[in-house]
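To start, the structure under review is shown below, and the notes come after it.
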Amino acid sequence: MKVMKQIYSLIQYDEAVQTMDAGADHIGLVPMQNGGVPAHRVPLERVHRIFDECARRGVKSVAIMLTNDPEEMLELAEEIQPDILHIAGDGYAADEDFAQRLREVAPHTQLMQAVLVDNESAVDRAKEYAKYCDFILTDSGLAPDTGIGASGQTHDWAIDKRIVEECGKPVIMAGGLGPDNVAAAITQCHPYGVDSLTKTSIKYDGGYMEKDIEKVREFCQNADAAAAAIGE
Numbered sequence: 001m002k003v004m005k006q007i008y009s010l011i012q013y014d015e016a017v018q019t020m021d022a023g024a025d026h027i028g029l030v031p032m033q034n035g036g037v038p039a040h041r042v043p044l045e046r047v048h049r050i051f052d053e054c055a056r057r058g059v060k061s062v063a064i065m066l067t068n069d070p071e072e073m074l075e076l077a078e079e080i081q082p083d084i085l086h087i088a089g090d091g092y093a094a095d096e097d098f099a100q101r102l103r104e105v106a107p108h109t110q111l112m113q114a115v116l117v118d119n120e121s122a123v124d125r126a127k128e129y130a131k132y133c134d135f136i137l138t139d140s141g142l143a144p145d146t147g148i149g150a151s152g153q154t155h156d157w158a159i160d161k162r163i164v165e166e167c168g169k170p171v172i173m174a175g176g177l178g179p180d181n182v183a184a185a186i187t188q189c190h191p192y193g194v195d196s197l198t199k200t201s202i203k204y205d206g207g208y209m210e211k212d213i214e215k216v217r218e219f220c221q222n223a224d225a226a227a228a229a230i231g232e
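Going by UniProt numbering, 98 is the number at position 98 of the sequence shown; the sequence numbering is gapless.
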């Protein structure tokens, strides 16, 4: 088994292709919606183009929901039909009813819920979400306009390790992961996947960013090496 490498948050088609070439297994972006940093939102026409390329390559497409409106999430899921719908807003979390409605409008879309790892209570929250979600994503504190995550900060991986061991669903670790520390995270916690945004991005004024492809490649290589070393 390998550890999945999930790279957020793509904006342009060409950088998405380069990110896949660099080793990403999951590609995440923010479709145009009422939430998140405006410079990060991707027009739906481009979303379709990027996700079609994901499908062609066998890379999982992830639509990141920063809106806190479940109706908008479901409308986007129906329009885009991503492989995974990631709920990251800090004001809404998926429940059983949402999971059922998602299956109706996007039958092949899996549901991923972000869990804010702020203390031990995150374990119980993750176990509750795992009853109806397909993936759990563990993440650090809030950054402005980005819901749970995108803070570039790490958190207590001992809690992640418990979530991996106890929740019963695949866990993707996020929160300040980059080429420098992804191997340690995998070695300690044995997650299903690892996620990187801040430490594999170049940030510019106005909120705009692009992927640092060399750092993406290094992140993926280090993750693969760590997974191989522990037999994952």
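For glycine and all other residues, C-beta sits at the position ideal for the given N, C-alpha and C.
This structure is a prediction, so every number in the text was calculated from the model and none was measured.
In this structure, the alpha-carbon of A226 lies about 11 Å from that of P191. Contact check for Q81 against A94 fails: the beta carbons are separated by 7 Å or more. Scanning the segment 93-133 for uninterrupted alpha helix (DSSP H) segments of 4 residues or longer gives 96-105, 121-129, listed from N- to C-terminal end.
In summary, P70 is buried, with 16 or more beta-carbon neighbours lying within 10 Å of its beta-carbon over all protein chains present. I50 sits in a helix when the DSSP states are folded into three classes. The three-state secondary structure of V216, taken from DSSP, is helix. The straight-line gap separating the alpha-carbon atoms of L177 and K215 is approximately 11 Å.
Of the residues assessed, Q100 falls on the exposed side of the cut-off, its CB having fewer than 16 other CB atoms within 10 angstroms.
The criterion of a C-beta distance shorter than 7 Å is satisfied by V171 and I136.
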